[in-house]
Amino acid sequence: MKTETVPLDLLYQLIDDSNDMIFIIRIEDGYIEYANRHSINSIGYTVAQMNEVGMERFRHPLKEDEDFRQHLQELKEKGRLTDYAVVIRKDGTEFPVEVNVRSVRYHGIDYNIAIARDITERFESEAKLIAMNEQLEKMVQERTRQLQHHIARLESYKNAMDANSIVSISDVTGKIIYVNENFCQVSGYSADEVMGKQHNILRHPDTPDTLFKEMWNTIRAKKIWKGVLKNRKKNGDYYSIDSAILPILDDQGEIVEYIAIRHEITQLMEQKEKLHRQAYMDEMSGFGSRLRLIEDAREIPSPLLSYIDIDQFNNINDFYGLAFGDRVLQEFAKRLQSEFGTGISYYRLHGDHFAILTEESRLDVCADRLQAFIERFNRQNFLFEGKELTLRITASISTEKGDKLLPTCDLAKRYAKKHQKTFVVYMPEMGLEEEVRANMDCAVRVQHALNEERIVVYCQAIASAESLEVTKYECLMRMIAQDGTVTTPFHFLEAAKHSKQYGELSKRMITKVFELLEHHRDKSFSINITIDDILNKEIVALIMDKLSAKRSFMPVIFELVESEGIENFKEVTDFIRQIKSFGSLLAIDDFGTGYSNFEYLLKLDADIIKIDGSLIRNIANDPTLEAIVGLITNFAKQQNIQTVAEFVASEKILEKVRGAGIDFVQGYYIGRPEPLF
């Protein structure tokens, strides 16, 4: 049989066109005898250039310490091997290759026949696979770490829950299968005693069946039930718990267990009950509280409320102490019950304020009995613990319905005190609510005036009685309405006191007067000041600050305005001593009324007295008034005290006060109050 041979040129073409790079290299010196066209195209060097630069220039081993000649020597020894390397193109780019190498001896020379294949795609795939494996490994490690962290946290949660909670687990039928140590400590049962039992072993008789029915309906519906339960311990005692019962579901969403997490709140519930009692009951007197009164009054279709207030009871507390005062109030509460008997409700609203609630149908009887009790009580001293006390009471009655009952009764009591009555029955025609509303509206107007700088100073001239030369000015407060109307304090000062705005008005007035002094240093000005101002530390501090900062202007005159006796005498005299240390003067306003008697005049160390207008107004027609004014003037001159006559409205009055020897005059005949520019 004849064997066909492959033509050499066809074989060369096949090798040249191969998709692999083929090299023939002398092992002895690494000289490249042959490289196919694909090798030249892939690397960019000709064979001659390859030999010129050397194999190590365009072949880089994967093992950094490997030498190409060592590689050839290893091949010579083994005869064949598979090698991996990086080929460096002429342009500097690289690609990985897998090289199958075989040594061949030809004509006594050893050659390396290398077939190299570009494995870039495989390298990239392997690199991606390695990266994916590394990422997967990191994810596994992270997941493992997270799982360990969650397990540790769950263990901590369990420990925390066991430390602070009462925990039990039951099966779907409600039988207990787990309890923690707190469960046993609180309930008094051991774990063995409750295992396999229903939770009703803890049920307290006070807990209604409806509550348990609601609970089971909720958790069987795969919802969380929350509520407060009263349980019974093994020894019969009770304890209160705030419970949350959760159904535990499997991966199919079916209930497999129930877990109950509870917190004991026995002390909290007892405190809540105590606070409830305190809110509705006054412990000191045993009477109901204000809140109880409000609720009880709503239950009576036609209520009658009596309000009883012990006048100035703070004096008892201040002198004998709060404990003694409380005992007095307890005794007073007993007397009320003894006086009015059973069938009505008693309340202590606060402090020394008491109330009695009954039906409106008993108005006449209750009013007569209350009035008789007040008259009898106020006529005699209150004997208690060996001490004789002077107590007086003021009372009121209201039969208004709903939410108006208590406010109207309080209004009537305030009305009684204001008009010095001991007992008042509220009637709508008294207009007390309108008065309160008017005061509230006035307080709003005052606040707007304060905010908008509409509280201003008007000045009324004070002249020498003989020459009528104006030497002083009295500074008077005025409120300018939004429409420009000028309002005197008579129309808003009382409302301002009720609404706690009086202090701000005083501070505003003092500030403005001292600003006026800065612009008129050649004139003397007087400021009205009350006992309330002197007792107000902020106002006194403001006055002293202004006086200490004042420069060279005329002495400031402070006119003490009051109609009631001075109780805080030391504070007043301390204030007078302070202002006089700055060169200021003290004037007693409205002398002849209130506390302005001769004894007070000497104690207060007054520099000026302003004789009350009620004495001056009719002095021209009443010899008695003329004699009184003369007496006051003579006394003042003996004490070196200057005198000012107010309300000098005519020349006839002026002549009379001149004749009485008065030093200065003030009134419409001299000048009306007006801004001083």
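Per the working numbering, the very first residue in the sequence shown carries number 1337; after that it's consecutive. A virtual CB, placed ideally from N, CA and C, is assigned to each residue, including glycine.
{"Item": "Own chain residues within Cβ distance below 6 Å of residue 1361, not counting five before or after", "Value": "1368 and 1448"}
{"Item": "The segment 1558-1566 touching the segment 1516-1530, judged by at least three CB pairs closer than 8 Å", "Value": "no"}
{"Item": "For residue 1616, three-class secondary structure by DSSP", "Value": "helix"}
{"Item": "Spatial distance of residue 1382 from residue 1390 (CA atoms)", "Value": "12 Å"}
{"Item": "Within 8 Å, strictly: CB atoms of residue 1894 and residue 1915", "Value": "yes"}
{"Item": "N-terminal and C-terminal residue of the alpha helix (DSSP H) that residue 1843 is part of", "Value": "1838-1855"}
{"Item": "Beta strand (DSSP E) segment containing residue 1508, residue limits", "Value": "Careful: residue 1508 lies outside any beta strand (DSSP E) and carries neither H nor E."}
{"Item": "Same chain, Cβ closer than 6 Å to residue 1996, five either side skipped, listed in chain order", "Value": "1965, 1966 and 1969"}
{"Item": "Which residues DSSP lists as bridging residue 1795, in chain order", "Value": "1811 and 2010"}
{"Item": "When 1416, 1415 and 1431 are compared against residue 1422, the one with the closest alpha-carbon", "Value": "1431"}
{"Item": "Spatially closest choice to residue 1988 from 1976, 1979 and 2004, by CA coordinates", "Value": "2004"}
{"Item": "Nearest residue (CA-CA) to residue 1706, options 1584, 1692 and 1719", "Value": "1692"}
{"Item": "Inter-residue CB distance, residue 1569 and residue 1524 (contact presumed, cutoff 8 Å)", "Value": "5 Å"}
{"Item": "The segment 1742-1751 / the segment 1653-1668 touching (three or more Cβ pairs under 8 Å)", "Value": "no"}
{"Item": "For residue 1579: DSSP bridge partner residues", "Value": "1563 and 1598"}
{"Item": "Close-in-space but distant-in-sequence residues of the same chain around residue 1537 (CB under 7 Å, 5 per side omitted)", "Value": "1530"}
{"Item": "Among 1678, 1426 and 1413, the one whose alpha carbon lies nearest that of residue 1392", "Value": "1426"}
{"Item": "Other residues of its chain near residue 1992: CB distance less than 7 Å, five sequence neighbours each side excluded", "Value": "1955, 1956 and 1962"}
{"Item": "Burial state of residue 1609 (16 or more Cβ within 10 Å)", "Value": "exposed"}
{"Item": "C-beta contact flag for residue 1945 and residue 1979 at 8 Å", "Value": "yes"}
{"Item": "Residue 1810 versus 1672, 1788, 1861 and 1856, residue with shortest Cα-Cα distance", "Value": "1861"}
{"Item": "Segment contact, 8 Å Cβ cut-off, at least three pairs: the segment 1440-1460 with the segment 1478-1490", "Value": "no"}
{"Item": "Own chain, CB closer than 8 Å to residue 1729, minus 5 neighbours either side, in chain order", "Value": "1644, 1645, 1646, 1647, 1710, 1713, 1714 and 1758"}
{"Item": "Own chain, CB closer than 7 Å to residue 1351, minus 5 neighbours either side, in chain order", "Value": "1358 and 1372"}
{"Item": "Whole-angstrom C-beta distance between residue 1982 and residue 1948, which should lie under 8 Å", "Value": "7 Å"}
{"Item": "The segment 1613-1623 touching the segment 1714-1727, judged by at least three CB pairs closer than 8 Å", "Value": "no"}
{"Item": "Residue from 1975, 1907 and 1396 whose Cα sits closest to the Cα of residue 1429", "Value": "1396"}
{"Item": "Classification of residue 1475 by the beta-carbon crowding that lies within 10 angstroms, buried from 16 upward", "Value": "exposed"}
{"Item": "Residues of its chain near residue 1508, where Cβ-Cβ distance is below 6 Å and the 5 sequence neighbours each way are ignored", "Value": "1591"}
{"Item": "Segments of 4+ residues assigned as alpha helix (DSSP H) that fall wholly inside the segment 1445-1503", "Value": "1456-1500"}
{"Item": "Euclidean distance between Cα positions of residue 1594 and residue 1577", "Value": "17 Å"}
{"Item": "Exposed unless 16 or more other CB atoms sit within 10 angstroms - verdict on residue 1353", "Value": "exposed"}
{"Item": "Beta-carbon proximity check, residue 1937 vs residue 1922, cutoff 8 Å", "Value": "no"}
{"Item": "Residue 1598 versus 1505, 1831 and 1612, residue with shortest Cα-Cα distance", "Value": "1505"}
{"Item": "Close-in-space but distant-in-sequence residues of the same chain around residue 2017 (CB under 7 Å, 5 per side omitted)", "Value": "Look at the range of the chain in this structure, 1337 to 2013, and you will see that residue 2017 is not part of it."}
{"Item": "Length of the line joining the Cα atoms of residue 1999 and residue 1927", "Value": "15 Å"}
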